[in-house]
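Heads up, the thing below is written out as structure tokens.
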Amino acid sequence: MTTVRYAPSPTGRLHLGNARPALMNWLFAKSTGGRYILRLDDTDAARSTEAFAEGIHTDLSWLGIVPDLKVRQSDRTALYGAARDKLIAAGRLYPAYETEEELDSKRARARLLGRPPVYDRAALQLTPEQRAKYEAEGRKPHWRFKLDGRPVAFNDLIKGPQIVNTASMSDPVLVRADGSYLYTLPSVVDDIELSITHVIRGEDHVSNTGTQIEIFEALGGQVPNFAHHNLLTGADGEGLSKRLGSLSLQELREAGYEPMAVAMAAVLTGTSLPLEPYPDLSALGQVFTLEAVSHGSARFDPAELSSLNARILHQMPYDAARPRLEALGFASEPLWLALRGNLAVFADIVDLATLVSGPVTPVVADEDRDFLRAARELLPAEPWDETTWSKWTEAVKTATGRKGRALFHPLRLAVTGREQGPELKSLLPLVGRTECLARLP
Ligand code: GLU
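Just so we're aligned, residue 9 is where the sequence shown starts under this note's numbering, counting upward by one.
Laid out in structure tokens, this is it:
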């Protein structure tokens, strides 16, 4: 059985870039009949908050993601302790006593000598006496994982064969001096313990994967499959997290974007699939595959999100819109069908509905006054339907000799008070003859 996890840290609100792995995992799990685990990576107690954790739940359910299981790393520290001890016993985790300042000056020295600032493993050379001396001084060690120096190869399900050269990396710190865990070890322990089969995450984690595969092996765990997707960037190629403000899912929701528009922009940007509206996540899941994710960049264009949003609304069937219209107090199918084609966001319907219900301030240019009076006289008798507009304008055309824009535009300005708007053929029967008469001079 396929099992995936989405593992955000509750240290901020989710943004569009976070929606990408959240959804890719979801689509992958659903299309393979698998399980989806939401794992809150909250080992950083100082920055993780309950409010952010709740925000993540809200945002994911808004997107349509319903995890099969939710876990929190802060509930699982005993497992990490056992793994830590196992690595220590196997000689793969060693104590190091350098202070931040000492490490800084080591790095500065390496740079001066033109060497990469890789940790020199001095801690491995410490004698028991030296260690005892540090401990007596009150120093507490942090713990580093001893990389084995061989290149780590894996077959990425998006990027193809990868090799991570861990020989050029510093032995990573897995446990801080205060005993708390950095992200690397808990992630592997959870992936083993929760039987994760596929790790789908951003390509900023590729080198972590090299380290983590070594840890999986050192712990005797099953190494999952990995898929690293390209990261969404702005038009200038800069990461989206830098613009969190305007692209947090919360703000996109509040700005009126449909969750499916956001989901499609998050998933389909930077893939070989066209950026087209799909009615729901399961329809999107039928076209999405990991192979479709491109190896190049994934530039997000806000105009595309707006266009997707509009297209979703323009195609939205009345049944889907009805509960939302009911909440606004004007659920009517003809009204929806007449107005949906002019929506940028759903809430625009409130303003557009005033074209039917009024009040409308007719716009009448002096030079059109006589023309409009003539048109008023020619308004067809009721009942009105979708043919009324063409019957009326034909009659007005014959009587006044006007055609094209000179014919249609003054009528639109008078009947709707606006330069542009919904098709008059659909609008007119909704406005009705009495109200129409009132809007004509
Ligand atoms: N908490 C990590 C992050 O947000 C999870 C990465 C992973 O999927 O392993 O980057």
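C-beta atoms are modelled at their ideal positions from N, C-alpha and C, and glycine is treated no differently.
Residues of its chain near residue i, where Cβ-Cβ distance is below 6 Å and the 5 sequence neighbours each way are ignored
i, result
"residue 161", "171"
"residue 178", "126 and 127"
"residue 460", "Lying before the first or after the last residue shown, residue 460 is absent from the chain, which here runs from 9 to 449."
"residue 99", "none"
"residue 265", "317"
"residue 77", "45"
"residue 209", "29"
"residue 289", "72"
"residue 425", "368, 369, 370 and 371"
"residue 337", "none"
"residue 405", "411 and 415"
"residue 256", "21 and 23"
"residue 215", "172"
"residue 159", "171 and 173"
"residue 319", "285"
Close-in-space but distant-in-sequence residues of the same chain around residue i (CB under 7 Å, 5 per side omitted)
i, result
"residue 332", "354"
"residue 381", "449"
"residue 276", "283"
"residue 150", "104, 181, 183, 184 and 185"
"residue 204", "11, 12, 13 and 232"
"residue 377", "449"
"residue 176", "124 and 126"
"residue 226", "95, 98 and 100"
"residue 343", "361, 364 and 438"
"residue 441", "387, 390 and 392"
"residue 408", "379 and 382"
"residue 279", "300, 301 and 302"
"residue 163", "169"
"residue 57", "18"
"residue 243", "307 and 309"
Helix, strand or coil at residue i according to DSSP, with G and I counted as helix
i, result
"residue 151", "strand"
"residue 234", "strand"
"residue 326", "helix"
"residue 387", "coil"
"residue 303", "coil"
"residue 286", "coil"
"residue 164", "strand"
"residue 25", "helix"
"residue 401", "helix"
"residue 135", "coil"
"residue 17", "coil"
"residue 443", "helix"
"residue 252", "Here residue 252 scores only 48 on pLDDT, less than 50, and its place in the model is too uncertain to base an answer on."
"residue 245", "coil"
"residue 406", "helix"
"residue 321", "helix"
"residue 98", "coil"
"residue 77", "strand"
"residue 395", "coil"
"residue 364", "helix"
"residue 103", "strand"
"residue 275", "helix"
"residue 358", "helix"
Within 8 Å, strictly: CB atoms of residue i and residue j
i, j, result
"residue 267", "residue 20", "no"
"residue 371", "residue 438", "no"
"residue 194", "residue 11", "no"
"residue 389", "residue 419", "no"
"residue 131", "residue 152", "yes"
"residue 189", "residue 88", "yes"
"residue 328", "residue 239", "no"
"residue 237", "residue 301", "yes"
"residue 357", "residue 347", "yes"
"residue 293", "residue 114", "no"
"residue 35", "residue 165", "no"
"residue 154", "residue 102", "yes"
"residue 281", "residue 295", "yes"
"residue 224", "residue 207", "no"
"residue 67", "residue 258", "yes"
Cβ neighbours of residue i in the same chain (closer than 8 Å, five flanking residues each side left out)
i, result
"residue 429", "350, 360, 363, 420 and 435"
"residue 273", "24, 283, 308, 312, 313 and 316"
"residue 252", "Any reading at residue 252 needs caution, since the residue's pLDDT is 48, under 50, leaving its predicted position unreliable; the model's value is listed next. Around residue 252: 20, 21 and 23."
"residue 413", "none"
*Could you pull out every unbroken beta strand (DSSP E) segment of at least 3 residues lying fully inside the region 169-210, listed in chain order?*
181-183 and 206-210
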